[in-house]
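These notes concern the structure reproduced below.
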Amino acid sequence: MTAPHRKQRINVTFSPPTPNGDLHLGHLAGPVLGSDVCARSQKVLGHDVAFSTSTDDNQTYVVTTAERMGTGPEALIQHAFKSVTTTLERAGVQVDLFERPDAAYTEFVEGFFTHLWRHGAFDQREVELPYDAEAGEYRAEAFVTGRCPACLAHARAGVCEACGGYNLPAALLPSDTAAALPRRTASIWVLDLERYRAQITDWYRASDVQLRPDLARVVSDSLATRLPYIPITYPSTWGIAVGWDGPDAPAQAINAWPEIYVGHLYWLAQARKADLGDCDELVQFIGIDNGFYNAFVYVTLSLLAAEHGLPVALPKTRTLTNQYYLLEGRKFSTSKGDVRWAGEYLDSVGRDRARFVLALTSPELQQSEFSEEIALSTINRRFDEPISTLTRALNTTLAGRSADTPPSSWWAAALAASRQRFEEAYRLETFSIRKAAEALALHLEVLALRSEQIDLDDPADVSGALLFLWSLRTLAWPVTPDLSEQVTQSFSAPSVVEQAPLLAELTEPPAGAFRGLNTRRPDHGALTTPS
């Protein structure tokens, strides 16, 4: 495989985290790390990349968590935003822009939905919603729990996290809160997806993007029956208010789930300082629980925005889902307290080591389970030990030597094979952080095994070993950026902390001699455990 010939503008984003706590390992092993490795890999492939998202301040989970913790929503948001920002930095997630909604954002979102409302894109409906008479408020989304009518799993209104299907608040089979609250009729504005079935179907027929199996199932199952209507507004004072029903009507706020799509438009445009959707391809990383909204609501909103004159482009859109990361058999959940905080884990094992094992065990296509003991064993066996072996051997035998002759045929074949594995993992059509981490593990394993067998009298063997090490500067940069920088420093080459090394330049040997690999970083701890 070869590097792409045409430089493309690629926008990358991940589902905005709800600011009801720090990121946990489920977030990091899923959409957060996936999107960062993707953005980094596209830079390595030579593309022009924008990577941004924000916190999801208007989710009702913020309110329910604040109530449970005995604090106010704004205080919770501020604390969570600071925590998440710090964790992203610790994890080496090179997001171009990570903000929280402000006045300009709120105005943009309100204007977007109001424009579509004025053009008749939404329908007004009388619906039954759970009503809390004591509070004098309608309840929806995080306030309402029950059993999913499709798969019977415990669910909150909106999305079933187990099957990815959509549920209206009154559609849940009664249990817990849902059973205790009576229904009351309310007037809301909805996006009737069945009304737009033809446009949605045409969109998928025209797309050459292959969906991951779980999202493909959500699409096929949903299209096999009547598509639901999605609330665009709720009778609520939490969220972005709209006055579509007049000044004397009850307060209505935009549903935070459809809002996410408009947020992506806004923040990516801010990151690029360009028009909405100004890219060749949009890559979205989400948990499967967001699958229905991405597959139907966001697609429909984008089509309606273009149809009704909003300056929204319709780039090729690639939505990469992940399944759930389990903690001792339970789904990671901030709201339920089932967590291993990402920041704490990064501090305990180090950035590269955490990124490596989380990428290697990421729940890309099926659920996977995090075990502290197994994770540490995997890090030691597949990352620490080979790095310690190759560092000890190469520093002893090759310090001061240069890659100044063509590599031997063995090393040339090994490098071509490793490069092909990495490229397959990094190409958008076959993107996989699990495959990337596996390619890295095998590269380290081969280098460690061969490092103690180098024929020091054979310049081709010496050059081959050094070039195989040097290639990690580029190939490992998306997954383990600290290792990439250490390899860079070992040849006195320009830093790659901020500037991505390019795959197109991989065959160019390092200009400087090898001066030894230092696997310790004073700012992030050891890349590996001390040997």
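Residues in the sequence shown are numbered from 184 upward in steps of one, following our numbering.
Cβ coordinates follow ideal geometry from the N, Cα and C atoms, glycine included.
Query, Result
"Are lysine 226 and valine 220 touching if we call contact CB-CB under 8 Å?", "no"
"Do you know how far the Cα of threonine 702 is from the Cα of proline 590?", "25 Å"
"Near phenylalanine 651, which residues of its chain fall below 7 Å by C-beta distance, leaving aside the five closest residues on each side in sequence?", "Trp594, Ala597, Leu598, Leu630"
"Taking one C-beta from the stretch 389-406 and one from the stretch 497-514 each time, how about it: are there three or more such pairs within less than 8 Å?", "yes"
"In chain order, what residues of the same chain have a beta carbon less than 7 Å from the beta carbon of valine 482, not counting five sequence neighbours either side?", "Ile383, Trp386"
"Can you tell me the Cα-Cα spacing of aspartate 240 and cysteine 346, whole angstroms?", "25 Å"
"Using only alpha-carbon positions, find the residue among Pro365, Pro332, Arg367, Leu364 that is nearest to asparagine 350.", "Pro332"
"Between the alpha carbons of glutamate 209 and alanine 558, how many angstroms are there, rounded?", "Per the sequence shown, the amino acid found at residue 209 is glycine instead of glutamate. Taking the straight line joining both Cα atoms gives about 14 Å."
"Does the Cβ-Cβ distance between isoleucine 616 and leucine 216 come in under 8 Å?", "yes"
"In its own chain, which residues sit with a C-beta less than 6 Å from the C-beta of glycine 275, not counting the 5 before and 5 after it?", "Arg534, Pro664"
"Note down the Cα distance separating phenylalanine 475 from tyrosine 379, rounded to an integer number of angstroms.", "15 Å"
"Buried or exposed: which applies to glycine 512, given that a residue is buried once 16 or more other Cβ atoms fall within 10 Å of its Cβ?", "exposed"
"Helix, strand or coil: how does DSSP classify lysine 190 here?", "coil"
"Strictly by DSSP, which residues pair up with asparagine 350?", "Gly341"
"What are the start and end residues of the beta strand (DSSP E) that includes glycine 470?", "464-470"
"Find the nearest neighbour of leucine 299 within the set Val267, Met252, Pro441, Arg584, judged by alpha-carbon distance.", "Pro441"
"Which of the three DSSP states is assigned to phenylalanine 614 in this structure?", "coil"
"Ends of the alpha helix (DSSP H) at phenylalanine 264?", "256-274"
"Quick one, are the C-beta atoms of serine 673 and glycine 647 less than 8 Å apart?", "no"
"Tell me the start and end of each unbroken alpha helix (DSSP H) in the stretch 588-673 that is at least 4 residues and wholly inside, in chain order.", "592-609, 616-634, 642-653, 655-658, 664-673"
"Could you check the C-alpha separation between threonine 711 and serine 531 for me, to the nearest Å?", "Annotation note: pLDDT 45 at threonine 711 (below 50); position unreliable, coordinate value reported separately. One C-alpha to the other measures close to 12 Å."
"Terminal residues of the continuous alpha helix (DSSP H) containing proline 396?", "396-406"
"Of all the options Glu628, His302, Asn203, Leu623, which has the alpha carbon lying nearest to the alpha carbon of alanine 489?", "His302"
"Identify every run of the alpha helix (DSSP H) within the stretch 274-314, keeping only runs that are complete inside it and at least 4 residues long; order them along the chain.", "286-301"
"Would you kindly work out how many angstroms separate the C-alpha atoms of alanine 537 and alanine 399, rounded to a whole number?", "30 Å"
"Taking leucine 487 as the reference, which of Ala249, Phe305, Pro692 has the closest Cα?", "Phe305"
"Suppose contacts are defined by Cβ-Cβ distances below 8 Å. Is aspartate 279 in contact with serine 235 by that definition?", "yes"
"List the residues that DSSP assigns as beta-bridge partners of leucine 510.", "Arg513, Phe553"
"Count the other C-beta atoms from every protein chain shown that fall within 10 angstroms of the C-beta of cysteine 334, then say buried if there are 16 or more, exposed otherwise.", "exposed"
"Once the 5 residues before and after isoleucine 637 are set aside, which same chain residues still bring their CB inside 6 Å of it?", "Asp644, Ala648"
"How big is the Cα-Cα spacing for tyrosine 449 and phenylalanine 291?", "8 Å"
"Count the C-beta pairs between the stretch 561-570 and the stretch 599-609 that are closer than 8 Å, then say yes if the count reaches three, no if not.", "no"
"Comparing alpha-carbon positions, which option in Arg575, Ala323, Asn578 lies nearest proline 418?", "Ala323"
"When DSSP labels each residue in this structure, what does alanine 389 get in the three-state scheme?", "helix"
"Excluding sequence positions up to five away, which residues of its chain have a Cβ less than 8 Å from the Cβ of aspartate 463?", "Gln191, Arg192, Ile193, Pro498, Lys499"
"I'd like the span of the beta strand (DSSP E) that includes isoleucine 437, first residue to last.", "435-437"
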